[in-house]
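Undergrad: Let me begin by handing over the structure; questions about it come next.
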Amino acid sequence: MSGAGDVKPRVVHTVDRLADELERLSHQLHDHPELAYKEAQAHAWLTDFLAKHGATVERGVGGLPTAFRATIPGTGSGPTIAIMAEYDALPGIGHACGHNVIATAGVGAGAALAAALGTLPFAGRVQVIGTPAEEGGAGKVKLLEAGVFEGVDAAMMIHGRCGTQVWRPTLGIVKVKAEFFGQAAHASSWPWRGVNALNAVISLFNALDAMRQQIHPDARMHGVITKGGEQANIIPEYTSAEFYLRATTVPYCHELLRRFTGAAEGAAAATGCRVQVTADPTIHEPMRANATLAGVFRANLDYIDFPEDPDDGQAGYGSTDCGNVSQRLPTIHPYIRISPDGVPGHSREFAQWARSPLARAGMVAGAKALALTALDLLAAPETLARARQDFARGGSAA
Ligand SMILES: [Zn+2]
Ligand SMILES: [Zn+2]
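Numbering (numbering that gives the first Met the number 0), first residue to last: 0 to 397.
Right, here's the structure in full:
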């Protein structure tokens, strides 16, 4: 079997040919941000695009109406390489995580393979898997549980960032809700008859701020008050707050949850409230590195002359439900530059960059590198075998 080198120029050329259409699609997504599991328009636009360029599309896979799978077949039975696409936005700040770029890079890779080659000249197949609800919904965990990744040998996606880095760690997350139950009373004439649930939630935040000094520096605890009371003349009888507890390992996430629960019980005791702590059973796992897959992706970035940037060390780490995929099968989640240095994700500034010429360049490079990496893996079963060995060894970043 020949290598992928013979067909790479055609695939690269096809991504370039589709680039205007892909950029329009990216802007369309950006202009119509949809939240987790409500990505109906994105789902329709992306699947129509894939079908139009020759991929075989299944809509609503894994029991999720806004998930999809598009297949580009090879010459017969063989490995399955998945390219993941995300397309959900953030509440209030739109596409401030640039998932419009992830989506169009992913479907761009699949569409270019289908349009350039029809049938891939290798055994196996490439699938573009549309994964809803990365922001807060853990859509990939639902798709894993529904068996959508069964039979997938390797998975990859790109994510926009203020620099191109093939490997960066991500943190695990335990999500937890604290609810405090007090007693309402007139805040002026009978305050001593009230039990103040707002004081309890404020005490919890203060306890966590004090605790921060005694946790690992790369762990994170952050939250918002989702219910703080009704009106200033009523002692708040019910308050609630939601938190993410993040760390580099799942056991340390659980340690944070144990200490969080103690802090919440302390806040309740101090204010005379009752507390209920509810941890989300869905845990985000940290990314397991895969040096072989990362190496192939890096070589393809070189091939298309889109160089990796040194990590300037200015930012901490985020999290992704792609981590859960990476703990089941060989997976990479490279970052591609779509903004200048130093622009934080989840900011209004990053949302603007996600619709910029830099985002177009990153999307085009991402589509090319994803498609070429998938071809390399199908062309060389020994590379895929090495990726499996990396996975079995627990992954290392080198
Ligand atoms: Zn995000
Ligand atoms: Zn994101």
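For every residue, glycine included, the Cβ atom is placed at its ideal position computed from N, Cα and C. Computed from a predicted structure; not experimentally measured.
Might you give, ordered along the chain, the residues of its own chain that have their beta carbon closer than 6 Å to the beta carbon of Val97, omitting 5 neighbours on each side?
TA: The sequence given here has Gly at residue 97, not Val. Within the same chain, and ignoring the five residues on either side of Gly97 in sequence, the residues whose Cβ sits closer than 6 Å to its Cβ are Gly159, Ile337 and Ala353.
Undergrad: Within the present structure, is the beta-carbon of Cys455 separated from the nearest heavy atom of ligand 2 by less than 8 Å?
TA: Within the shown structure, residues of the chain are numbered from 0 to 397, placing residue 455 beyond reach of any answer.
Undergrad: Touching or not, the region 66-85 and the region 6-22, by the rule of three or more beta carbon pairs under 8 Å?
TA: no
Undergrad: Check each candidate in Val276, Asp15 and Glu149 and name the one with the smallest Cα separation from Ala115.
TA: Asp15
Undergrad: How far does the alpha helix (DSSP H) with Ser202 in it extend, from its first residue to its last?
TA: Ala196 to Met210
Undergrad: Tell me the DSSP bridge mates of Gly97?
TA: None; Gly97 has no bridge partner.
Undergrad: Arg258 and Arg219 look like a contact to me (Cβ under 8 Å); what is the Cβ gap, rounded to whole Å?
TA: With a Cβ gap of about 13 Å, Arg258 and Arg219 do not count as contacting.
Undergrad: Please state the DSSP three-state secondary structure of Met0.
TA: For Met0, the pLDDT reaches just 45, beneath the cut-off of 50, and the residue's location in the model is therefore unreliable, although a value from the coordinates is still provided. Three-state result, Met0: coil.
Undergrad: Should Gly361 be listed as close to ligand 2, given that the test is whether its C-beta is under 8 Å from any heavy atom?
TA: no
Undergrad: Residues in its own chain within less than 7 Å of Leu383 by CB, not counting five upstream and five downstream?
TA: Pro78, Asp152, Ala153 and Leu376
Undergrad: Can you say whether Met0 is buried or exposed, counting buried as having 16 or more other CB atoms within 10 angstroms of its CB?
TA: Any reading at Met0 must be qualified, since the residue scores a pLDDT of 45, below 50, and its modelled position is unreliable; the value itself is stated next. Classification for Met0: exposed.
Undergrad: Is Leu89 close to ligand 1? I mean its beta-carbon at under 8 Å from any heavy atom of the ligand.
TA: The answer is yes for Leu89.
Undergrad: Which partner residues does Val274 have in the DSSP bridge list?
TA: Phe179
Undergrad: Please state whether DSSP places Glu284 in a helix, a strand or coil.
TA: coil
Undergrad: From the DSSP output, in three-state form, read off Glu348 for me.
TA: helix
Undergrad: Rounded to whole angstroms, what is the Cα-Cα separation between Val10 and Ala379?
TA: 18 Å
Undergrad: May I have the straight-line CA-CA distance separating His94 from Ser355, to the nearest angstrom?
TA: 12 Å
Undergrad: According to DSSP, Ser239 sits in a beta bridge with which residue or residues?
TA: Glu178 and Lys226
Undergrad: How would you label Thr65, buried or exposed, when you count the other beta carbons within 10 angstroms and need 16 or more for buried?
TA: buried
Undergrad: Tell me whether Pro72 sits in a helix, a strand or coil according to DSSP, three-state version.
TA: strand
Undergrad: Taking all protein chains shown into account, do 16 or more other C-beta atoms lie within 10 angstroms of the C-beta of Ile233, making it buried, or fewer, making it exposed?
TA: exposed
Undergrad: Please look up how many angstroms separate the CB atoms of Ala196 and Tyr237, rounded, as I've assumed it's under 8 Å.
TA: 6 Å
Undergrad: Which residue comes first and which comes last in the alpha helix (DSSP H) that contains His332?
TA: Looking at the DSSP string, His332 is not in any alpha helix (DSSP H), and its letter there is neither H nor E.
Undergrad: Is Glu236 near ligand 2 - that is, is its Cβ less than 8 Å away from at least one heavy atom of it?
TA: no
Undergrad: Which residues in the same chain have their Cβ closer than 8 Å to the Cβ of Phe390, if we skip the five residues on either side of it in sequence?
TA: Arg287, Asn289, Leu328 and Pro329
Undergrad: In terms of alpha-carbon separation, which member of Val173, Gly265, Arg347 and Leu170 lies closest to Ile205?
TA: Note that residue 205 corresponds to Asn in the displayed sequence, not to Ile. Considering only alpha carbons, the answer is Gly265.
Undergrad: Classify Arg192 as helix, strand or coil using the three-state DSSP reduction.
TA: Collapsing the DSSP output to three states places Arg192 in a helix.
Undergrad: Assuming Thr270 and Asn198 are in contact, meaning their beta carbons sit under 8 Å apart, how far apart are those beta carbons, in whole angstroms?
TA: 5 Å
Undergrad: For ligand 2, is there any heavy atom lying closer than 8 Å to the beta carbon of His158?
TA: yes
Undergrad: Let me confirm a value: Trp189 is counted as buried when at least 16 other C-beta atoms fall within 10 Å, else exposed. Which label applies?
TA: exposed
Undergrad: For ligand 1, is there any heavy atom lying closer than 8 Å to the beta carbon of Glu133?
TA: yes
Undergrad: Let me make sure I understand the geometry here. Which of Phe67, Tyr316 and Phe121 has the alpha-carbon closest to that of Gly75?
TA: In terms of CA proximity to Gly75, Phe121 leads the group Phe67, Tyr316 and Phe121.
Undergrad: Kindly identify the DSSP beta-bridge partner or partners of Ala246.
TA: Gly171
Undergrad: Would you check whether ligand 2 has a heavy atom nearer than 8 Å to the C-beta of Thr79?
TA: no
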